[in-house]
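**Student:**
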Amino acid sequence: MPLQSYIMQPTELLPPALSELKVPAGFAVTRIAENLGNTRILALSPKGDLYVTRREQGDVLMLKNSGDTFAAPVRVASRSGMHGIAFYGDTVYLVTVKEVFTAPVLEGGNFGPLKMIISDLPDAGQHHDRTIAIGPDNMLYISVGSTCNECIETNIENATMLRSTLDGKKRVIFASGLRNTIGFDWHPQTGELWGMDHGIDWLGDDVTPEEINKIEQGKRYGWPYIFGNNVENPRLIPSGKLEKSEWRKTSVPMVLGYTGHAAPMQMAFYNAGQFPEKYRHNAFVAMHGSWNRQKPAGYEIVRINFENGKASSVAPFLTGFVGPKGQSGRPFGLVVDKQGNLLFSDDVNGAIYKVSYKGDEKASATPLVQTPATSMQKQAAQGSGVPIAMLRSETGVRGKQASKLDVSSPAFENGEKIPDIHSSYDQDASFELSWSKGPFGTQSYAIIMEDPDARPVTPVVHWVAWNIGKDITTLREGLQKQDRLVDKAEGMDGMMQGQATTGKIGYVGPKPPAGDPPHHYNGYCAGHPARCQP
Numbered sequence: 215m216p217l218q219s220y221i222m223q224p225t226e227l228l229p230p231a232l233s234e235l236k237v238p239a240g241f242a243v244t245r246i247a248e249n250l251g252n253t254r255i256l257a258l259s260p261k262g263d264l265y266v267t268r269r270e271q272g273d274v275l276m277l278k279n280s281g282d283t284f285a286a287p288v289r290v291a292s293r294s295g296m297h298g299i300a301f302y303g304d305t306v307y308l309v310t311v312k313e314v315f316t317a318p319v320l321e322g323g324n325f326g327p328l329k330m331i332i333s334d335l336p337d338a339g340q341h342h343d344r345t346i347a348i349g350p351d352n353m354l355y356i357s358v359g360s361t362c363n364e365c366i367e368t369n370i371e372n373a374t375m376l377r378s379t380l381d382g383k384k385r386v387i388f389a390s391g392l393r394n395t396i397g398f399d400w401h402p403q404t405g406e407l408w409g410m411d412h413g414i415d416w417l418g419d420d421v422t423p424e425e426i427n428k429i430e431q432g433k434r435y436g437w438p439y440i441f442g443n444n445v446e447n448p449r450l451i452p453s454g455k456l457e458k459s460e461w462r463k464t465s466v467p468m469v470l471g472y473t474g475h476a477a478p479m480q481m482a483f484y485n486a487g488q489f490p491e492k493y494r495h496n497a498f499v500a501m502h503g504s505w506n507r508q509k510p511a512g513y514e515i516v517r518i519n520f521e522n523g524k525a526s527s528v529a530p531f532l533t534g535f536v537g538p539k540g541q542s543g544r545p546f547g548l549v550v551d552k553q554g555n556l557l558f559s560d561d562v563n564g565a566i567y568k569v570s571y572k573g574d575e576k577a578s579a580t581p582l583v584q585t586p587a588t589s590m591q592k593q594a595a596q597g598s599g600v601p602i603a604m605l606r607s608e609t610g611v612r613g614k615q616a617s618k619l620d621v622s623s624p625a626f627e628n629g630e631k632i633p634d635i636h637s638s639y640d641q642d643a644s645f646e647l648s649w650s651k652g653p654f655g656t657q658s659y660a661i662i663m664e665d666p667d668a669r670p671v672t673p674v675v676h677w678v679a680w681n682i683g684k685d686i687t688t689l690r691e692g693l694q695k696q697d698r699l700v701d702k703a704e705g706m707d708g709m710m711q712g713q714a715t716t717g718k719i720g721y722v723g724p725k726p727p728a729g730d731p732p733h734h735y736n737g738y739c740a741g742h743p744a745r746c747q748p
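Here this note's numbering is used: the first residue of the sequence shown is 215, the next is one more, and so on.
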């Protein structure tokens with residue numbers, strides 16, 4: 215199927231006259247800062263001071279709140295690749311390409327010494343704009359884009375949303391198949407996480423759409439094989455010869471789509487009282503603007519309308535940055551301040567704008583609410599407190615003693631420590647596994663490996679595999695970490711692997727916290743637990 219794509223980058227112009235920016239009746243736009251350089255992500259401290267990251271300069275500027283205006287910028291942090299920023303009380307969180315830092319926020323708004331709490335985020339490649347936020351559940355969420363336009367990633371943490379403890383010591387893949395979700399936020403009423411993902415380039419002017427997704431734990435959002443309303447990408451074949459139709463069955467379609475290549479950036483729900491009632495609990499997204507289409511799109515602020523907690527429509531809210539002569543700004547950062555103004559940055563001309571409501575409609579009468587943590591906590595607790603596999607009714611006695619298999623590994627004896635090379639502290643390689651042949655009528659085998667000693671999630675699943683042929687009784691060491699395995703010589707053609715509790719596919723080695731006593735690892739059909747210690 216022939217495809218035609220274009221490269222069209224409008225000429226860069228000076229910042230527009232404010233009269234050129236179009237907003238709905240009753241709204242006014244002012245420019246509150248300019249000549250700041252590569253202004254990217256915006257954040258407000260609990261005191262109302264405004265902070266902006268600058269990727270090209272690798273730093274953070276503070277614009278101190280002085281009533282209805284902001285003071286001149288002051289540099290408060292500097293690290294190569296600085297991009298995402300979030301506040302938690304009197305602590306600031308900052309993210310570069312591979313690191314997450316924290317620092318105390320001092321009395322005057324400056325930052326104290328930076329402390330690195332994460333140092334091993336995946337390599338960036340094409341998408342190196344990491345963003346970060348603190349959820350209503352007091353957990354750290356980190357968006358990690360793909361390294362490419364469309365490819366099979368070698369690091370499973372690419373193209374994901376990560377969820378981490380605030381100290382950075384424990385993290386999981388919250389959701390995957392997200393090509394580059396720079397903008398995300400929590401609905402003020404439901405507490406559910408929503409984000410806007412960048413579609414794949416080079417498939418045509420209007421393909422693929424920019425995706426509005428409700429992002430939930432353990433879900434997969436299609437990339438790189440599926441996009442939009444679960445449309446198959448014609449240019450890429452899944453690893454392990456997995457049919458795209460099978461991948462589609464496990465992919466969550468977008469809730470809404472927007473103009474292809476418009477490039478969604480920072481996103482914020484409106485949970486303030488200045489704008490009219492109809493804007494309450496809607497979301498705003500800064501659209502950076504296209505380059506991979508013939509007619510430019512984006513270069514605007516859009517509003518996502520939510521009804522009963524679900525995105526129902528999306529449309530431009532502020533326009534005027536692009537025209538026949540070129541583009542006069544590329545919106546990027548976006549935040550709602552304490553007065554209910556909408557602030558956004560232009561990273562080309564280094565400006566920050568404020569959108570206020572001055573019209574006659576009554577301000578929102580809906581009381582302000584604190585975003586509930588229930589939804590995120592409930593998702594995090596999925597699979598916690600359930601019976602381990604060997605104690606489930608499906609695997610126990612059903613009128614007669616269930617058949618058992620003798621399972622062993624040459625890597626360790628029952629009750630011994632699992633060698634370090636099979637732990638996530640070291641090589642994270644699956645161990646060789648053998649079992650006795652199943653009873654007459656056996657059609658296939660499945661493997662479940664769990665840690666019943668883990669806290670607070672119990673049990674933690676380390677390995678799920680199924681569709682293992684009836685004639686297979688041995689698995690070699692170091693299996694591929696992918697959905698479907700292909701090894702006809704060993705009879706493993708078609709063996710499937712699922713997600714572990716960490717969100718990773720395939721075998722995930724033990725990694726109990728340092729200082730914990732040895733954890734037990736139960737393997738269904740293994741008969742006896744093994745032991746592991748860090």
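Glycine residues also receive a C-beta, built at the ideal position from the N, C-alpha and C atoms.
May I ask which residues mark the beginning and end of the beta strand (DSSP E) holding glutamate 664?
**Tutor:** Counted from its first residue, the sequence shown places residue 664 at position 450. 658-665 is the span of the beta strand (DSSP E), which, as asked, contains glutamate 664.
**Student:** Can at least three beta-carbon pairs, one atom from the segment 346-360 and one from the segment 570-587, be found at a separation below 8 Å?
**Tutor:** Yes, the segment 346-360 touches the segment 570-587.
**Student:** Report the option in Lys455, Asp561, Val445, Tyr472 whose CA atom is closest to the CA atom of valine 466.
**Tutor:** For the purposes of this step, residue 466 is taken as residue 252 along the sequence shown, with counting starting at 1. The candidate whose alpha carbon is nearest that of valine 466 is Val445.
**Student:** Where tryptophan 461 and glycine 436 are concerned, what is the direct C-alpha to C-alpha distance, given to the nearest angstrom?
**Tutor:** Locating residue 461 in the sequence shown gives position 247, counting from the first residue. Locating residue 436 in the sequence shown gives position 222, counting from the first residue. Whole-angstrom Cα-Cα distance: 8 Å.
**Student:** What are the start and end residues of the alpha helix (DSSP H) that includes tryptophan 461?
**Tutor:** If you number the sequence shown from 1, residue 461 lands on position 247. Where tryptophan 461 is concerned, the enclosing alpha helix (DSSP H) stretches over 458-463.
**Student:** Could you tell me how far apart the beta carbons of aspartate 640 and aspartate 634 are, in whole angstroms, since I believe they sit closer than 8 Å?
**Tutor:** Position 426 of the sequence shown, counting from 1, holds the residue named residue 640. Position 420 of the sequence shown, counting from 1, holds the residue named residue 634. With a Cβ gap of about 4 Å, aspartate 640 and aspartate 634 count as contacting.
**Student:** Taking the alpha carbon of valine 600 as the reference point, which residue from Gly540, Pro670, Trp416 has its own alpha carbon closest?
**Tutor:** On the sequence shown, residue 600 is found 386 positions in, with the first residue counted as 1. Of the candidates Gly540, Pro670, Trp416, the one whose C-alpha sits nearest the C-alpha of valine 600 is Pro670.
**Student:** Is it right to say leucine 250 is buried, meaning 16 or more other beta carbons lie within 10 angstroms of its own, or is it exposed?
**Tutor:** Your numbering for residue 250 matches position 36 in the sequence shown. So leucine 250 counts as buried.
**Student:** Looking only at its chain, what residues have a beta carbon closer than 8 Å to the beta carbon of phenylalanine 325, apart from the 5 residues adjacent to it on each side?
**Tutor:** Counted from its first residue, the sequence shown places residue 325 at position 111. Hits under 8 Å: Val274, Val290, Ala291, Val306, Ala317, Pro318, Val319.
**Student:** Cα separation between serine 622 and alanine 477?
**Tutor:** In the sequence shown, the residue the question calls residue 622 occupies position 408. In the sequence shown, the residue the question calls residue 477 occupies position 263. The straight-line gap from Cα to Cα measures roughly 52 Å.
**Student:** For the candidate residues Ala577, Ile246, Glu270, whose alpha-carbon lies nearest to that of leucine 277?
**Tutor:** In the sequence shown, residue 277 corresponds to position 63, counting from 1. The shortest C-alpha separation from leucine 277 is found at Ile246.
**Student:** In whole angstroms, what separates the C-alpha of threonine 253 from that of isoleucine 440?
**Tutor:** Here residue 253 refers to the residue found at position 39 when the sequence shown is read from its first residue. Here residue 440 refers to the residue found at position 226 when the sequence shown is read from its first residue. Distance between the alpha carbons of threonine 253 and isoleucine 440 is about 33 Å.
**Student:** What does DSSP give as the partner residues of serine 648 in its beta bridges?
**Tutor:** Locating residue 648 in the sequence shown gives position 434, counting from the first residue. BP columns for serine 648 point to Ser622, Thr688.
**Student:** Which of helix, strand or coil does DSSP assign to tyrosine 493?
**Tutor:** Counted from its first residue, the sequence shown places residue 493 at position 279. Correct three-state label for tyrosine 493: helix.
**Student:** For threonine 361, which of helix, strand or coil comes out of DSSP?
**Tutor:** Looking up residue 361 in the sequence shown gives position 147. Of the three classes helix, strand and coil, the one that applies to threonine 361 here is coil, per DSSP.
**Student:** Measuring alpha carbon to alpha carbon, tell me which of Ser527, Ala511, Gly683, Val549 ends up nearest serine 533.
**Tutor:** As a first step, residue 533 is located in the sequence shown; it is residue number 319 there, counting from the start. What sits at residue 533 in the sequence shown is threonine, not serine. That would be Ala511, whose Cα lies nearest to the Cα of threonine 533.
**Student:** Which class does alanine 529 belong to by DSSP, given the choice of helix, strand or coil?
**Tutor:** One-based indexing of the sequence shown puts residue 529 at position 315. Of the three classes helix, strand and coil, the one that applies to alanine 529 here is strand, per DSSP.
**Student:** Starting from lysine 329, follow the beta strand (DSSP E) in both directions and report where the run begins and ends.
**Tutor:** As a working note, residue 329 is residue 115 in the sequence shown. Its beta strand (DSSP E) spans residues 329-332.
**Student:** Does DSSP put leucine 605 in a helix, a strand or coil?
**Tutor:** The residue given as residue 605 occupies position 391 in the sequence shown. Leucine 605 falls in the helix class under three-state DSSP.
**Student:** Roughly how many angstroms lie between the CA atoms of proline 673 and lysine 618, to the nearest whole one?
**Tutor:** To locate residue 673, count along the sequence shown from 1; it is residue 459. To locate residue 618, count along the sequence shown from 1; it is residue 404. Taking the straight line from one Cα to the other gives about 22 Å.
**Student:** Checking 7 Å against the spacing of the C-beta atoms, do valine 675 and glutamate 664 come in under that value?
**Tutor:** As a working mapping, residue 675 is identified with position 461 in the sequence shown. As a working mapping, residue 664 is identified with position 450 in the sequence shown. Yes, the pair counts as a contact, with Cβ atoms nearer than the cut-off.
**Student:** Between which two residues does the alpha helix (DSSP H) containing lysine 592 stretch?
**Tutor:** Counted from its first residue, the sequence shown places residue 592 at position 378. Element bounds for lysine 592: 588-594.
**Student:** Just the C-alpha distance for glycine 629 and leucine 380, rounded to the nearest angstrom, thanks.
**Tutor:** Walking along the sequence shown from the start, residue 629 turns up at place 415. Walking along the sequence shown from the start, residue 380 turns up at place 166. So the two alpha carbons sit approximately 34 Å from each other.
**Student:** Taking Cβ positions, are histidine 502 and phenylalanine 535 nearer each other than 7 Å?
**Tutor:** For the purposes of this step, residue 502 is taken as residue 288 along the sequence shown, with counting starting at 1. For the purposes of this step, residue 535 is taken as residue 321 along the sequence shown, with counting starting at 1. Not in contact: histidine 502 and phenylalanine 535 (Cβ atoms no closer than 7 Å).
**Student:** Using 8 Å for Cβ pairs, my map puts glutamate 646 next to leucine 689. What's the rounded Cβ distance?
**Tutor:** Taking the sequence shown and counting its residues from 1, one reaches residue 646 at position 432. Taking the sequence shown and counting its residues from 1, one reaches residue 689 at position 475. So it is a contact: roughly 7 Å between Cβ atoms.
**Student:** Anyone know if the C-beta pair for isoleucine 387 and methionine 410 falls short of 7 Å?
**Tutor:** Position 173 of the sequence shown holds residue 387. Position 196 of the sequence shown holds residue 410. In this structure, methionine 410 does not lie closer than 7 Å to isoleucine 387 by Cβ.
**Student:** Please name the residue in Tyr265, Ile370, His297 whose C-alpha comes closest to that of threonine 716.
**Tutor:** If you number the sequence shown from 1, residue 716 lands on position 502. Out of Tyr265, Ile370, His297, Ile370 has the C-alpha closest to the C-alpha of threonine 716.
**Student:** Mind checking proline 653: buried by the 16 CB within 10 Å criterion, or exposed?
**Tutor:** Position 439 of the sequence shown, counted from the first residue, corresponds to residue 653. Exposed.
**Student:** Is leucine 258 helix, strand or coil when you go by DSSP?
**Tutor:** The sequence position of residue 258 within the sequence shown is 44, counting from 1. DSSP places leucine 258 in strand when its eight states are reduced to three.
**Student:** Check whether the segment 356-366 and the segment 398-415 are in contact - that is, three or more C-beta pairs closer than 8 Å.
**Tutor:** Enough Cβ pairs lie closer than 8 Å, so yes.
**Student:** Can you tell me whether glycine 397 is helix, strand or coil according to DSSP?
**Tutor:** As a working mapping, residue 397 is identified with position 183 in the sequence shown. Glycine 397 falls in the strand class under three-state DSSP.
**Student:** Rounded to whole angstroms, how far is the Cβ of glutamine 711 from the Cβ of glycine 720, which I believe are closer than 8 Å?
**Tutor:** Numbered from its first residue, the sequence shown carries residue 711 at position 497. Numbered from its first residue, the sequence shown carries residue 720 at position 506. With a Cβ gap of about 4 Å, glutamine 711 and glycine 720 count as contacting.
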